[in-house]
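Engineer: Each residue of the sequence shown is one higher than the one before, starting from 1 at the first, in full-length UniProt numbering.
Using N, Cα and C, we set each Cβ at its ideal position, and we do this for glycine too.
All of these numbers come straight from a predicted model, not from anything done at the bench.
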Amino acid sequence: MPNDVAGLIGWALAGSVPVVVLGAVLLRAFRNRSLGLSMVILVLIPTLATLCGFVAVSGLMFTDALARMAVVLAVVTAVTVPAAIVLGRAQARQLVWEKQMLDQERAAEASRRELVAWVSHDLRTPLAGIRAMGEALADGVVDRPGDIERYGVQVVRETTRLSGMVDDLFEMSKINAGALRLHVEPLDLRELIDEVVAANAPAAARAGVELHARQPDSALTVTGSDQALTRVLTNVVANAIAHTPPGGRIEISAGTARGSARVHIDDSGPGISETDLPRIFEAGYRGSAARSPAAEGSGSGMGLAIAAGLLSVHHGDITACNREQGARFEIRLPLLSGAADPVSASRTARDRGLSTSTP
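Here it is in structure tokens:
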């Protein structure tokens with residue numbers, strides 16, 4: 001055992017440095033694999049380095065002092081290693097959560113940029129038309145009473161469309177900000193479906209589409225806002241009408257399954273591209289031509305996003321999938337406890353529908 005200070009330092013370094021180097025190598029090897037294991041290695045490195053340095057200084061002789069040191073280090077290790085494991089796991093969960101939040105923030109930012117670009121385009125189109133018609137009227141290019149009336153009707157139509165887009169943007173912003181305030185009460189979904197079918201019957205007739213609803217005898221009672229849930233159903237049905245060709249059929253079927261009310265809206269349109277399915281409920285997203293609006297100015301383009309947002313406020317959700325012919329949208333809402341007898345959405349006991357079609 002060396003007695004001079006220089007000798008003690010040399011032997012201490014000889015015993016501890018290899019442990020530190022090995023620990024550094026292990027940390028590098030496991031840095032991207034397990035944060036908990038990295039924390040354990042980080043705790044063990046100084047403990048083992050101290051023990052190995054003490055052994056080297058003692059001349060590899062198991063003395064009483066070395067034994068006491070080993071006991072102390074064992075106790076320290078027994079306390080610090082479990083703590084390191086717990087802290088490592090907690091830190092790993094925190095990092096995973098932070099990464100998820102960052103990914104969501106990036107996705108939200110990308111969605112916002114896409115929405116801004118979309119809104120800029122869709123606002124410019126009617127504004128350009130209104131400006132052109134206004135300039136034509138102001139310059140006297142249009143002077144016949146019939147043309148003036150036609151231009152006036154078109155200006156009203158375009159301004160109404162712009163007003164609807166602004167209203168949709170405002171509602172979407174309230175949903176995203178969690179600032180939407182709804183008056184909720186027990187509702188029978190069958191009554192809402194009847195109202196939506198009746199309200200959309202003229203649009204379906206103009207499009208040459210048959211609109212039909214099949215519902216169960218027993219009530220489908222949910223807790224929600226009459227206005228908001230009517231908006232949800234209206235948006236989805238209007239989307240189906242816009243994407244169903246003349247002579248096609250839209251069927252709404254309602255029922256229950258696993259404690260929730262289910263509403264299916266099936267259309268006979270071209271279906272939804274598989275690449276578009278995961279994003280069709282994003283505000284401003286425009287996918288392939290298969291589900292693009294039937295005509296320019298047919299809507300704000302945020303109907304499905306608003307429907308999904310309103311349903312989330314009601315603790316419900318909406319999904320979409322393709323059928324053999326056309327697409328299916330499924331709306332799910334929690335049933336009011338004990339409000340209805342079980343009945344499958346595909347098995348309905350009565351017909352409350354309204355069929356509309358044109359020759």
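Throw me the rounded Cβ distance for the Glu-158 and Ile-130 pair, which I believe falls under 8 Å.
Structural biologist: Yes, Glu-158 and Ile-130 are in contact; Cβ-Cβ is about 5 Å, under 8 Å.
Engineer: In three-state DSSP terms, what is Leu-354?
Structural biologist: At Leu-354 the pLDDT is 41, less than 50, meaning the model places this residue with poor confidence and gives no usable figure here.
Engineer: Could you spell out the range, first to last residue, of the alpha helix (DSSP H) harbouring Asp-147?
Structural biologist: Annotation for Asp-147: the continuous alpha helix (DSSP H) segment containing it runs 145 to 177.
Engineer: Can you find the residues in the same chain that come closer than 7 Å, C-beta to C-beta, to Thr-319, ignoring five residues on each side of it along the sequence?
Structural biologist: Counting only Cβ-Cβ distances below 7 Å, and skipping sequence neighbours, we find Glu-330.
Engineer: Using 10 angstroms around the beta-carbon of Thr-275, count the other beta-carbons present and answer buried if the total reaches 16, otherwise exposed.
Structural biologist: exposed
Engineer: Is DSSP giving Arg-323 helix, strand or coil here?
Structural biologist: Secondary structure of Arg-323 (DSSP, three-state): coil.
Engineer: Return the CA-CA distance between Ser-292 and Val-237, expressed in angstroms with no decimal places.
Structural biologist: Residue placement at Ser-292 is poorly supported in this model, since its pLDDT is 43, which falls under 50; the coordinates are not used for a value here.
Engineer: On the premise that Val-222 lies in contact with Leu-336, defined as a C-beta separation below 8 Å, what is that separation, rounded to the nearest angstrom?
Structural biologist: Between Leu-336 and Val-222 the beta-carbon gap is near 6 Å, inside 8 Å, which marks them as a contact.
Engineer: Using the C-alpha atoms, what's the distance from Arg-231 back to Glu-195?
Structural biologist: 11 Å
Engineer: Is it a yes or a no for the segment 45 to 56 touching the segment 64 to 74, going by three-plus beta-carbon pairs under 8 Å?
Structural biologist: yes
Engineer: How many angstroms separate the CA atom of Ser-16 from the CA atom of Glu-98?
Structural biologist: Using only the alpha carbons, I get a separation of about 37 Å.
Engineer: Quick one: using the 10 Å Cβ neighbour count with 16 as the cut-off for buried, is Ala-6 buried or exposed?
Structural biologist: Flag for Ala-6 reads exposed.
Engineer: Kindly indicate which residue of Lys-174, Gly-134, Leu-13 has the alpha-carbon position closest to the one of residue 368.
Structural biologist: Because the chain here runs from 1 to 359, residue 368 falls outside it and cannot be looked at.
Engineer: Less than 8 Å between the C-beta atoms of Leu-187 and Ala-254, yes or no?
Structural biologist: no
Engineer: Near residue 415, which residues of its chain fall below 6 Å by C-beta distance, leaving aside the five closest residues on each side in sequence?
Structural biologist: Residue 415 is absent from the structure shown; the chain starts at 1 and stops at 359.
Engineer: Taking Cβ to Cβ, would you say Leu-281 is nearer than 8 Å to Ala-308?
Structural biologist: According to the sequence displayed, residue 281 carries Phe and not Leu. Yes.
Engineer: Along the chain, where does the beta strand (DSSP E) that runs through Pro-279 open and close?
Structural biologist: A small correction: the amino acid at residue 279 is Arg; Pro does not occupy that position in the sequence shown. Counting along the chain, Arg-279 falls outside any beta strand (DSSP E), and DSSP gives it neither H nor E.
Engineer: Round the Cβ separation of Leu-37 and Phe-30 to the nearest angstrom and send it over; I've been treating them as touching at under 8 Å.
Structural biologist: 5 Å
Engineer: Is Val-19 buried or exposed, if buried means 16 or more other CB atoms sit within 10 Å of its CB?
Structural biologist: buried
Engineer: By how many angstroms is the C-alpha of Ile-41 removed from the C-alpha of Arg-181?
Structural biologist: Arg-181 and Ile-41: Cα-Cα distance of roughly 52 Å.
Engineer: Could you check the C-alpha separation between Val-57 and Ala-67 for me, to the nearest Å?
Structural biologist: 14 Å
Engineer: Taking 8 Å as the threshold (C-beta atoms), are Ala-207 and Ile-241 in contact?
Structural biologist: yes
Engineer: Jot down the residue ranges of each uninterrupted alpha helix (DSSP H) in the segment 202 to 279, minimum 4 residues, whole runs only, in chain order.
Structural biologist: Fully enclosed alpha helix (DSSP H) runs of 4 or longer: 226 to 242.
Engineer: For the alpha helix (DSSP H) that contains Leu-187, what are its first and last residues?
Structural biologist: According to the DSSP assignment, Leu-187 belongs to no alpha helix (DSSP H) but to the beta strand (DSSP E) extending over 185 to 188.
Engineer: When you compare only the Cα positions, how much space is there between Arg-28 and Gly-53?
Structural biologist: 23 Å
Engineer: Between which two residues does the alpha helix (DSSP H) holding Leu-304 run?
Structural biologist: 303 to 313
Engineer: Pull up the distance between the alpha-carbon of Asp-226 and that of Arg-93, whole angstroms please.
Structural biologist: Roughly 41 Å between the two C-alpha positions.
Engineer: Smallest Cα separation from His-243: which of Asp-267, Leu-229, Gly-224?
Structural biologist: Asp-267
Engineer: Taking its Cβ as the centre, do 16 or more other Cβ atoms sit within 10 Å of Gln-100, making it buried, or is it exposed?
Structural biologist: exposed
Engineer: How about Met-39 and Asp-168: are their beta carbons less than 8 Å apart?
Structural biologist: no
Engineer: Closest to Glu-185 by CA distance: which of Ala-90, Leu-229, Ala-107, Ala-108 is it?
Structural biologist: Leu-229
Engineer: In this structure, how does DSSP classify Arg-181 when only helix, strand and coil are distinguished?
Structural biologist: If DSSP states are grouped into helix, strand and coil, Arg-181 belongs with coil.
Engineer: Give me the DSSP bridge partner(s) of Arg-328.
Structural biologist: Asp-266, Cys-321
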